[in-house]
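Number 268 in our numbering belongs to position 260 of the sequence shown; there are no gaps in the numbering. Worksheet for the structure shown next.
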Amino acid sequence: MEREVRVRFAPSPTGPLHIGGVRTALYNYLLARKTGGKMILRIEDTDQNRFVPGAEDYIRESLEWCGIELDESPWKGGPYAPYRQSERKPMYMQYAMQLIESGHAYYAFDTAEELDEMRERLKAAKVATPQYNAITRATMKNSLTLPEDEVKQRLASGEAYVIRLKVPRKEEVRLKDMIRGWVMVHSAAIDDKVLMKSDGMPTYHLANIVDDHLMNITHVIRGEEWLPSAPLHVLLYRYLGWEDTMPEFAHLPLLLKPDGNGKLSKRDGDKLGFPVFPLRWTDPNTGEVSSGYREAGYLPEAFTNFLAFLGWNPGTQQELFSMDELIQEFSVERIGKSGTRFDIQKARWFNEQYLRAKPDSELADYLLQALAEHDITATHEKAEKIAGLMKERVSFPQDFWQEAKYFFIAPTEYSEKVASKKWNSPSVAVFEDFKNELPTLENFNADTVKELLTAILERHGMKLGQVMQALRLAVTGAEAGPDLMHIIEVIGREETAQRLGAAIDKLSGYATT
Numbered sequence: 009m010e011r012e013v014r015v016r017f018a019p020s021p022t023g024p025l026h027i028g029g030v031r032t033a034l035y036n037y038l039l040a041r042k043t044g045g046k047m048i049l050r051i052e053d054t055d056q057n058r059f060v061p062g063a064e065d066y067i068r069e070s071l072e073w074c075g076i077e078l079d080e081s082p083w084k085g086g087p088y089a090p091y092r093q094s095e096r097k098p099m100y101m102q103y104a105m106q107l108i109e110s111g112h113a114y115y116a117f118d119t120a121e122e123l124d125e126m127r128e129r130l131k132a133a134k135v136a137t138p139q140y141n142a143i144t145r146a147t148m149k150n151s152l153t154l155p156e157d158e159v160k161q162r163l164a165s166g167e168a169y170v171i172r173l174k175v176p177r178k179e180e181v182r183l184k185d186m187i188r189g190w191v192m193v194h195s196a197a198i199d200d201k202v203l204m205k206s207d208g209m210p211t212y213h214l215a216n217i218v219d220d221h222l223m224n225i226t227h228v229i230r231g232e233e234w235l236p237s238a239p240l241h242v243l244l245y246r247y248l249g250w251e252d253t254m255p256e257f258a259h260l261p262l263l264l265k266p267d268g269n270g271k272l273s274k275r276d277g278d279k280l281g282f283p284v285f286p287l288r289w290t291d292p293n294t295g296e297v298s299s300g301y302r303e304a305g306y307l308p309e310a311f312t313n314f315l316a317f318l319g320w321n322p323g324t325q326q327e328l329f330s331m332d333e334l335i336q337e338f339s340v341e342r343i344g345k346s347g348t349r350f351d352i353q354k355a356r357w358f359n360e361q362y363l364r365a366k367p368d369s370e371l372a373d374y375l376l377q378a379l380a381e382h383d384i385t386a387t388h389e390k391a392e393k394i395a396g397l398m399k400e401r402v403s404f405p406q407d408f409w410q411e412a413k414y415f416f417i418a419p420t421e422y423s424e425k426v427a428s429k430k431w432n433s434p435s436v437a438v439f440e441d442f443k444n445e446l447p448t449l450e451n452f453n454a455d456t457v458k459e460l461l462t463a464i465l466e467r468h469g470m471k472l473g474q475v476m477q478a479l480r481l482a483v484t485g486a487e488a489g490p491d492l493m494h495i496i497e498v499i500g501r502e503e504t505a506q507r508l509g510a511a512i513d514k515l516s517g518y519a520t521t
């Protein structure tokens, strides 16, 4: 019988969730939904010294905002609870003891000073990467080098110790990665990792293997930075007798800086002016605020679509995918091996596409919200018309106000560059007539406004192109924008006439023949 696909996202609550972590969660979620499996979230808080208040809530809120639904989690519960490693602490020691009894792990009593001395000794001997391993453990203070009765005495007296994995000295460790194919590492490159710390808490290496096994995890999709640890994890599965149920591994490519040189970091975002976290984060210790995609105006569906393409591609020209479409098309096999360059302009492009696809009635709400903040009232119908005119010119919801404020606030300043080139006496004569004749229009709309302006221009022997930029300047104060006749329709005949009058007065100095 085929096993149900069960994937897990296992972040540590040590700060805000980096977008690389969100991408990992997204790929896990897509695989779970594609296969009808389960998406589990487990909080890996074995390192209590690095715990940051608020980080767990941040993780939950981030995933909710992105539309990543969890089947089992610390907040939802599930058949394999608890889902915080700190709450699972009592169960790990039995597996460490199983490894000691089978000869695959040992007690180590070395002090921090003794470990430092060992590293310095190896450095002096020109050893490139000093580590506690199959060779160096023979010179250290552990249950492999001390007499059995002394080991028992040290344990009975409560002396501090750690439990280390006994890595074989000469062995090829093989792992088949779903993205990279076969990965082989010689055991000489693996050190005797600590499995249980002196405070009785397991390290990540032991805890995540035990939890993945007990929670029936079938696929481990995680970042490339865990690839060097994967052979160690293979050994743990083997030594614990779980090799037959070991999950399939997929190590995701790195997210690279925009220039392609190195891993994307928070510092890159700060320097180049874009977020690297899904939501705004305030550091509880320093008060430092880091920007988030949500607060910057990115729509969650645009953000997840953008993230999905940072490493995966559908093999077609299609770029816009709803979450359901991503689920349908996703496959681990189409994830690339090499790092993916981060392109904030592409993220912006995705946001623009999703904004433009929204109905004008929904876009109007963004504008009305901004108007309320500026104590300006408008009907939903008017806001809808404006949103429809402006949506091709905005990248974020907040842009509607920035781009459309002239619909509500008459200009008081005018571009000197445009005025000096386009404002002249013949145009002013047209504008005077236009201002005076606007009230005579029976049906006031973009078409009738254009007909009136065209008729006035014919009387003056002028063409539309000769006055349009100056007219736009007078009515909006802007140099560019959507169709001016539609703008005038929304602004209204009285307001348009008033603005024309104000501009004629203010720009009189430019009205030369």
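By construction, the Cβ of each residue, glycine as well, lies at the ideal position given by its N, Cα and C atoms. In this text the structure is predicted, and so the values were computed from the model without any measurement.
Under 7 Å between C-beta atoms of residue i and residue j
{"i": "proline 210", "j": "tyrosine 114", "result": "no"}
{"i": "isoleucine 335", "j": "arginine 92", "result": "no"}
{"i": "glutamate 179", "j": "methionine 192", "result": "no"}
{"i": "valine 242", "j": "leucine 183", "result": "yes"}
{"i": "aspartate 578", "j": "glutamine 139", "result": "Within the shown structure, residues of the chain are numbered from 9 to 521, placing residue 578 beyond reach of any answer."}
{"i": "leucine 78", "j": "leucine 38", "result": "no"}
{"i": "lysine 271", "j": "leucine 262", "result": "yes"}
{"i": "glutamine 361", "j": "leucine 328", "result": "yes"}
{"i": "proline 176", "j": "isoleucine 225", "result": "no"}
{"i": "aspartate 368", "j": "alanine 395", "result": "yes"}
{"i": "alanine 372", "j": "glutamate 400", "result": "no"}
{"i": "proline 292", "j": "glycine 23", "result": "no"}
Candidates the options: closest to residue i by CA position
{"i": "arginine 507", "options": "Thr484, Leu472 and Asp79", "result": "Thr484"}
{"i": "alanine 116", "options": "Gly189, Leu173, Gly517 and Ser237", "result": "Leu173"}
{"i": "isoleucine 343", "options": "Leu363, Pro255, Met470 and Leu315", "result": "Leu315"}
{"i": "serine 330", "options": "Val340, Gly319, Lys345 and Ala310", "result": "Ala310"}
{"i": "tyrosine 66", "options": "Gly29, Glu389, Asp55 and Lys399", "result": "Gly29"}
{"i": "valine 438", "options": "Ala418, Asn453, Pro82 and Leu460", "result": "Leu460"}
{"i": "leucine 244", "options": "Gly44, Val218 and Val159", "result": "Val218"}
{"i": "serine 70", "options": "Leu481, Glu360 and Leu287", "result": "Leu287"}
{"i": "asparagine 36", "options": "Val13, Ser20 and Pro21", "result": "Val13"}
{"i": "valine 340", "options": "Cys74, Arg162, Val228 and Leu479", "result": "Val228"}
{"i": "arginine 302", "options": "Ile27, Asp207 and Arg11", "result": "Ile27"}
{"i": "glutamate 382", "options": "Phe358, Lys390, Ala395 and Gln410", "result": "At residue 382 the sequence reads histidine, which differs from the glutamate that was named. Nearest of Phe358, Lys390, Ala395 and Gln410 to histidine 382, Cα basis: Gln410."}
{"i": "glutamate 378", "options": "Lys345, Phe416, Asn57 and Leu154", "result": "The sequence given here places alanine at residue 378; glutamate does not occur at that position. Measuring from the Cα of alanine 378, the nearest candidate turns out to be Phe416."}
{"i": "proline 82", "options": "Glu233, Gly23, Ala104 and Arg16", "result": "Arg16"}
{"i": "leucine 376", "options": "Leu154, His388 and Lys366", "result": "His388"}
{"i": "glutamate 109", "options": "Gly23, Gly231 and Leu248", "result": "Leu248"}
{"i": "phenylalanine 452", "options": "Ser433, Thr504, Ala18 and Tyr414", "result": "Thr504"}
{"i": "tryptophan 190", "options": "Phe59, Glu64, Lys345 and Ser516", "result": "Lys345"}
{"i": "threonine 294", "options": "Thr147, Ala18, Val60 and Thr43", "result": "Val60"}
{"i": "histidine 221", "options": "Pro21, Glu251 and Lys201", "result": "Glu251"}
{"i": "threonine 54", "options": "Gly323, Asn216 and Pro308", "result": "Asn216"}
Under the three-state DSSP convention, the category residue i falls into
{"i": "tyrosine 115", "result": "strand"}
{"i": "arginine 172", "result": "strand"}
{"i": "asparagine 293", "result": "coil"}
{"i": "lysine 274", "result": "helix"}
{"i": "serine 165", "result": "coil"}
{"i": "leucine 2", "result": "One cannot answer for residue 2 here, as it falls past the ends of the chain, which runs 9 to 521."}
{"i": "alanine 316", "result": "helix"}
{"i": "valine 202", "result": "strand"}
{"i": "tryptophan 83", "result": "coil"}
{"i": "methionine 254", "result": "coil"}
{"i": "threonine 147", "result": "helix"}
{"i": "histidine 194", "result": "strand"}
{"i": "glycine 189", "result": "strand"}
Straight-line gap, residue i to residue j (C-alpha atoms, nearest Å)
{"i": "glutamate 156", "j": "serine 165", "result": "14 Å"}
{"i": "tyrosine 374", "j": "glutamine 406", "result": "7 Å"}
{"i": "lysine 514", "j": "arginine 68", "result": "56 Å"}
{"i": "methionine 2", "j": "glutamine 326", "result": "For the chain, the structure presents residues 9 to 521; residue 2 sits outside this window and is missing."}
{"i": "glutamate 95", "j": "glutamate 52", "result": "10 Å"}
{"i": "methionine 223", "j": "arginine 188", "result": "25 Å"}
{"i": "leucine 363", "j": "threonine 420", "result": "31 Å"}
{"i": "methionine 398", "j": "aspartate 491", "result": "10 Å"}
{"i": "threonine 448", "j": "serine 428", "result": "31 Å"}
{"i": "valine 159", "j": "asparagine 269", "result": "50 Å"}
{"i": "leucine 3", "j": "lysine 430", "result": "For the chain, the structure presents residues 9 to 521; residue 3 sits outside this window and is missing."}
{"i": "lysine 149", "j": "aspartate 118", "result": "5 Å"}
{"i": "alanine 197", "j": "threonine 153", "result": "22 Å"}
{"i": "methionine 105", "j": "alanine 304", "result": "50 Å"}
Nearest-angstrom Cβ-Cβ length linking residue i and residue j, presumed shorter than 8 Å
{"i": "proline 266", "j": "phenylalanine 350", "result": "5 Å"}
{"i": "isoleucine 496", "j": "valine 457", "result": "5 Å"}
{"i": "glutamate 232", "j": "histidine 259", "result": "5 Å"}
{"i": "histidine 213", "j": "serine 195", "result": "Their Cβ separation, rounded to whole angstroms, is 15 Å, which puts histidine 213 and serine 195 out of contact at 8 Å."}
{"i": "serine 403", "j": "arginine 356", "result": "5 Å"}
Chain D within 7 Å of residue i, Cβ atoms only
{"i": "proline 261", "result": "Considering every chain present, this structure includes no chain D. It has just one protein chain."}
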